[in-house]
Amino acid sequence: MDADRAFEIQSDWEVTRMLRMASFPPDRAGIAQWFADHEREWAAGEAYRFAVELQGRAIGVIDVDEISQGEGEFGYWFEQASWGRGYASEAAKAVVDFAFRAIGLSQLLSGHAADNSASGHVLLKLGFRPLDTVERSSRSRSGTILQRRYVLPASAATE
Numbered sequence: 086m087d088a089d090r091a092f093e094i095q096s097d098w099e100v101t102r103m104l105r106m107a108s109f110p111p112d113r114a115g116i117a118q119w120f121a122d123h124e125r126e127w128a129a130g131e132a133y134r135f136a137v138e139l140q141g142r143a144i145g146v147i148d149v150d151e152i153s154q155g156e157g158e159f160g161y162w163f164e165q166a167s168w169g170r171g172y173a174s175e176a177a178k179a180v181v182d183f184a185f186r187a188i189g190l191s192q193l194l195s196g197h198a199a200d201n202s203a204s205g206h207v208l209l210k211l212g213f214r215p216l217d218t219v220e221r222s223s224r225s226r227s228g229t230i231l232q233r234r235y236v237l238p239a240s241a242a243t244e
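As numbered in the numbering used here, residues 86 to 244 make up the sequence shown, in order.
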């Protein structure tokens, strides 16, 4: 995955409207900076981002970021053509395993817009448990959204 491919995927409103921190239309310079920060964040143990590819073409990103005090924020986004095909669930299992086994996190937090039930299904499949629903700012929607939040303790991921 490179910044140009991420820009292409995030140029789809149906994708970006589900991303709380992304802008729409996407900001090419902001995406390029996000990519430029990856190596430093990885080396510092602040964030780990993984491209998901299908037949050599990037279709999405799964990441663990905002790492602090044994917790990390788990997130993902995929091109619309890849929705509903199980790619998010399959790739996410590997990243959850990485978060607990390689990084040694004690729990992951995640969330999705209340109107994005498909993401909730992915999180539940991974073992995440509903935590609460809160109002959050959404850069892509230029306002606030209801966000359903989830938690996955390391002990529950290994059950």
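Ideal placement from N, C-alpha and C gives every residue a C-beta, glycine not left out.
Put simply, the backbone Cα of Ile-230 is about 10 Å away from that of Arg-224. When DSSP states are grouped into helix, strand and coil, Leu-211 belongs to the coil group. Distance between Trp-127 and Ala-199, taken at the CA atoms: about 30 Å.
Membership of Ile-94 in any beta strand (DSSP E) is not indicated; the residue belongs instead to the alpha helix (DSSP H) covering 88-95. Using a 10 angstroms sphere on the CB of Glu-175, the tally of other CB atoms stays under 16, which defines it as exposed. Distance check between Ile-144 and each of Gln-154, Gly-157, Trp-162 and Ala-203 places Trp-162 closest, using alpha-carbon atoms only.
Nearest to Val-100 by alpha-carbon distance, out of Ser-167, Ser-227, Phe-135 and Gln-140, is Ser-167. A residue is called buried when at least 16 other Cβ atoms come within 10 angstroms of its Cβ; Gln-232 meets this threshold and is buried. Gly-155 and Leu-208 have their C-alpha atoms roughly 19 Å apart. For Ser-225, there is no enclosing alpha helix (DSSP H), since its DSSP letter is neither H nor E. The Cβ atoms of Val-181 and Ala-242 lie closer than 7 Å to each other.
For the pair Leu-193 and Ala-203, the CB atoms are not nearer than the 7 Å cut-off.
Between Ala-88 and Ala-132, the CB-CB gap reaches or exceeds 7 Å. By the neighbour-count criterion, in which 16 or more other beta carbons inside 10 Å mark a residue as buried, Glu-164 falls on the buried side. The DSSP-derived three-state label of Phe-109 is coil.
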